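Below: one structure, written as structure tokens.
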Amino acid sequence: MSTKPITIFLTAALLLLAAVPVLAAEPAQPAVVSIQAEKGSGQNEFLFTAAVTGVNPGEGRFQVLMQLARLNGEFYDGDPGLFTPLAWNGATAAWTGTRTIDRFATDRTRRYRAVIRDAVSGATVAAGQDQTLLQPGKAPPIGRQEALDFLDKLAENYTAKNYTGFMKLVSTDFAGDDFVLSNALRKDFQLLGDISIRFTMSSITANDYFANVTAVYRRSVTPVLTGQRLNDSGITELALIKEKGQLKLYSMKKPLLFGLANGGAAATGILMSGQNQSVIQITRAGTVVVGPITSASVPVRTVVLQGYNTLGAGDNVESLRVSTGTVGNNAVMSLPSLTFFGDLAPAIIGWVAPSYEVYISAQWQLLPGVTDINRVTSVPAGGYAAAISSSSTGTGTRVFALHLSNGKYAVVQVSNWVGNADNWRATVLYKYQSDGTRNF
Amino acid sequence: MMAGWDVKRCALATVIAGAVLLGPQWSALAAEPETGGETPQNKTTQEAATASGGEKVPPGAQDSTPPEKKFKITSEYTFTNNKVSGPGQAASSLSRGSHFTDVLNFDWNNTKDGNGLSLTFGLNITDDSTVDPKRLNLTNFALNYASPTHNATLGDVAASFSPYSMSGSVKGLSYRYQDAEQRGPELSLVYGSQYARWDNFWDNDPNTQSTPRMVRAARVKQQLADGLTVGVNYAQTHDRWRLTDSTTMYNTRVWSSDWVYKPTPFWTHSGEIARSALGQADPGAGYAKYSGSAVRFSSVMEKGQARFETEYEKVTPYFLTQAGSAIVDKEKLKTSWQDRLGLGSTYHVIAYWDRNNLAGQLSASDQNINYEAGVTFRQAFGRENGIFDISLTRNREHDTATTNRMDKTLNFNYKDNFNGIDADATLGYTRTDNAGAASQYSWTHNLTLSGNLVRGKTTIVPTVTIAHNKQAYSDFSSRVMTREYSLGFTVNYADGDTLTFAGGWKNADYYSLTDNSNNWFASLNWTFKPAFLKALGATSMYIKVGINDYSYTTYSRNYRENSIATGVRCEF
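For the record, the sequence lines run as chains A and B.
Counting along the first sequence from 1, when you hit position 185 you're at 185 in my numbering, and nothing is skipped either side.
Just so we're on the same page, my numbering is the position in the second sequence counted from 1, plus 1000.
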């Protein structure tokens, strides 16, 4: 690990230490507190009013925290996003009177009482008779119209490039990280000159604080650097969550509706449709492209092959298989190699250093000038040599594109070859695209 | 062009279609008319709350609620007519011609003494394939039974156990148990399919089909101590068949434990640790197995306007959750801090770091190191309504192979009110440095002015927007200037009706390309309560008219969109 995260962590620790005196509360002051509750505007909302008396001017600060408690007296911690205890920092100057704390949504499956506790000591301030017993009404699940209105707000802010307005609609617990999404939004707004999104909600599944929405969309954008208008359409999923009674965006799947930039880093899942049609995407380099979504960024795997047979036949290496076999015209040659689902690719045989020879039983081609498999984001559609029609002899790092007999594509990099025909060692990096596309 | 448009004919078509689709016979289906306003349940709650101020309410008294039955049908009918003309009309995403869409929802519930049974389902009917590929689509269906201790659902189930294990929807069955005193563990079970649509069960149309993935999941949650809640989760998915010949099939199992701990009311720790086992079958290949792990932890201190948060997460490259959500092959650390800065002003600082290649499986690794700092001054420059906001963002992407990229963004925003005119001005500058390539610069400035004119019970809100953006590369290989000038107004009538107009011009000038563009646009939206449709249960109606004209230096790209839409929402 580099020193950067350590620096960040130390910074965080210093900030934490600095936070303590800020967050430390004043000693609790004796006071008489009572609570009134009334129905809020929502079916499961309550409006609490705390009345505080007995605090005289000059007696110092007074801080209270209002919480919901279960009937058995245990304080309710709440599910994430459902309820956050409401803090009232009281008056820095003394006062006597009534103050509204806030309104909030409750879980319809639970019963509550409201109490006021001292923010520091945790002691209950309000007397027993002042505790308010509540039976929340049946909270309806998040409604279709409510979710649709929320999606409209997201789309309005996105198409108007209202960064602040959009981020107010994003949960701080956003699954793809709200900071990652915020950076992607800024780049979207910089790279896309004109954005138009039309969508319909084809399905909604919801309870009273969580909703999963499937949306069919059509979108047009104009990348500012090309001026070419691009259209796409598709189906995707978004998850919404209620925080303090307000809907917030919780997660998005690919194809992304919002925050396309940085290679779709804000997505936490994929909705793969039957046709997997081409959709608008923005690469990490900031290029706006249209293409099918892939099941994931294809990971590159590494295996070290060493002559002869340090890896045994049949050993599992990721989705590939290390095997020994007969290669090309070298009839009785037994070599450690990688097998791509029936295709041998590549088998490496020693040669006169620094040259080495690679046999590939799949259709293959050398990618000229490419020395880093991570730079290969797509492979050619044609130009592949027939399987085992020839071998490749060369030096240094070489990267091959493979068109396998199962119709899929793979990329293989051979590097670090050392040795001779009898005793050699090489590193093989490979990635395999399982969805049948040529995109990596 | 609007020539040939017959607004009256459209409106009449809506009325006729509405009358046909939403005939008065549906009103008779309602078991009981909706009382509106104060429901018996609400009344009980209010009484309990009021009485508690001075008179104690006997525990359980509020459990005896009168029975309540409700049946409601809602319909949102939309008629659209779009016309696209010009040689470049293929670039338009609008559907051509006349189309209708009707979204119907049915809700029935029956509750008594805290026990409730409810049924909801929705239909989408349309002849516009861009709205839905199917003419008739069952959008949602759920039959639910709820009591103080039991909750069971058949149909659409929204399950949010924990991020890594289960956070999504399932079409199937769910059950939740918790004792009335809420002292014992809470048990949740889910079983079903992760189909995106109901018609995936009976229709194998590639236009709508989604992965046939079965899910079974369970969660046990228990409050172990004051402020400490722990959950244990298990989720298993199984792909039944290949969506396409090239689709990879997965079987996954995820075990996880999540927790929330609040040592003090203003300090919350939460986290989750998970492990996954994955079986993957590619077409024509054997069955490969992987395993992975994930862990996340966050600590939040929040009090008043002060908030301090630290998050750490590590998800290994081969951790795969199909029912939950995670970004694989990532380790991240994030900390943020915000607090007051004098009277009404606030500041915030965010630091973020992440990296991939956690198993050394890549030949090169990526690291992202991002910072953001911002200050918001209220009553800025001595002005009562002045709000001045400054933020600075620095994002650095470091690739151990060859590429480094750095974005630096500086934004200024000022809001104020001058003699009744609201002003919102933004000035932004971004510089992107790419290793070995030209730097990119972007300048943005936007100004929005809006007023609020009150004439009796009518409010008129005029708005003017001016926006400029310029992007350029340091080697002058590309430069573009985009401009937008628009104006509009919104009229809010006392009875809730709204009339909105917006019109303007957008332009893009390229210094390195030859195809500049101009876009004229105008839209009118009238939303009102149709008294003449009240007998049909109509609650609101709207008419939207829009024109978009795109012209380019290359004539063959020019096109124009004319659209009109009218819709009516009804409730029974």
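For glycine and all other residues, C-beta sits at the position ideal for the given N, C-alpha and C.
Predicted model only: the values in this text are computed from it and were never measured.
Within the same chain, F166, L169, L249 and F258 come within 7 Å of L154 of chain A by CB-CB distance, once the 5 residues on both sides are set aside. If you draw a straight line from the Cα of A147 of chain A to the Cα of A385 of chain A, it is about 54 Å long. Between L1094 of chain B and N1082 of chain B, the CB-CB gap stays under 8 Å.
Contact between V1254 of chain B and A1281 of chain B fails: their C-beta atoms lie close to 18 Å from each other, not under 8 Å. Taking 8 Å as the CB threshold, A206 of chain A lines the interface with chain B.
In terms of beta-carbon proximity, K1334 of chain B lines the interface with chain A, with at least one pair separated by less than 8 Å. Nearest CB-CB separation between I1073 of chain B and chain A: not below the 8 Å threshold. Under the 10 Å beta carbon count, G1456 of chain B is surrounded by fewer than 16 other beta carbons and is classified as exposed. One alpha carbon belongs to N1105 of chain B, the other to L402 of chain A, and they sit about 52 Å apart.
Proximity to I1547 of chain B across B:A1522, B:K1534 and B:W1526 peaks at B:A1522, based on C-alpha coordinates. If the five residues before and after H1468 of chain B are omitted, its C-beta is found closer than 6 Å to the C-beta atoms of H1445 and R1483, all from its own chain and listed in chain order. Taking a beta-carbon distance threshold of 8 Å, A211 of chain A counts as an interface residue toward chain B. Between G1304 of chain B and A1359 of chain B, the alpha-carbon positions lie close to 42 Å from each other.
When DSSP states are grouped into helix, strand and coil, N207 of chain A belongs to the coil group. DSSP, read as helix, strand or coil, puts S1098 of chain B in strand.
In this structure, DSSP gives S1556 of chain B a helical state, which the three-state scheme calls helix. Taking a cut-off of 8 Å on C-beta distances, the segment 1072-1081 of chain B touches the segment 1103-1123 of chain B, as three or more cross pairs fall below it. Non-local C-beta neighbours of V224 of chain A in its own chain, meaning closer than 6 Å and more than five positions away in sequence, comprise G193, ordered along the chain. The three-state secondary structure of V1131 of chain B, taken from DSSP, is coil.
If you draw a straight line from the Cα of D177 of chain A to the Cα of K1529 of chain B, it comes to about 42 Å. I280 of chain A is classed as buried because its beta carbon has at least 16 other beta carbons within 10 Å across all chains shown. I1421 of chain B is a Cβ neighbour of G1451 of chain B, given a cutoff of 8 Å. Between the beta-carbon of A265 of chain A and that of A184 of chain A there is about 7 Å, and that keeps the pair under the 8 Å contact cut.
Closer than 8 Å to the CB of K1069 of chain B there is not a single CB belonging to chain A. The C-alpha of G1231 of chain B is placed about 44 Å away from the C-alpha of T1430 of chain B. For M1301 of chain B, DSSP records a beta bridge to B:W1267 and B:F1308.
Cα atoms of T236 of chain A and T1539 of chain B: separation of roughly 31 Å, rounded to the nearest angstrom. Scanning the segment 1496-1565 of chain B for uninterrupted beta strand (DSSP E) segments of 3 residues or longer gives 1498-1510, 1517-1528 and 1538-1552, listed from N- to C-terminal end. For S182 of chain A, the uninterrupted alpha helix (DSSP H) segment begins and ends at D178 to L191.
In terms of beta-carbon proximity, R1431 of chain B stays away from the interface with chain A, with every pair separated by 8 Å or more. At a C-beta separation below 7 Å, N183 of chain A has these neighbours in chain B: N1370 and N1395.
The beta-carbon distance between S1291 of chain B and A1277 of chain B, rounded to whole angstroms, is 5 Å. This is short enough to meet the 8 Å contact definition. Straight-line spacing of the CA atoms in S220 of chain A and Y1473 of chain B works out to 25 Å. Taking CB atoms only, S278 of chain A has no neighbour in chain B less than 8 Å away. Within chain A, the residues placing a beta-carbon under 8 Å from that of R1197 of chain B are S202, S203 and T214, ordered along the chain. The beta carbon of R1355 of chain B is closer than 7 Å to those of E1331, S1365, D1366 and Q1367 in its chain, skipping five residues each way along the sequence.
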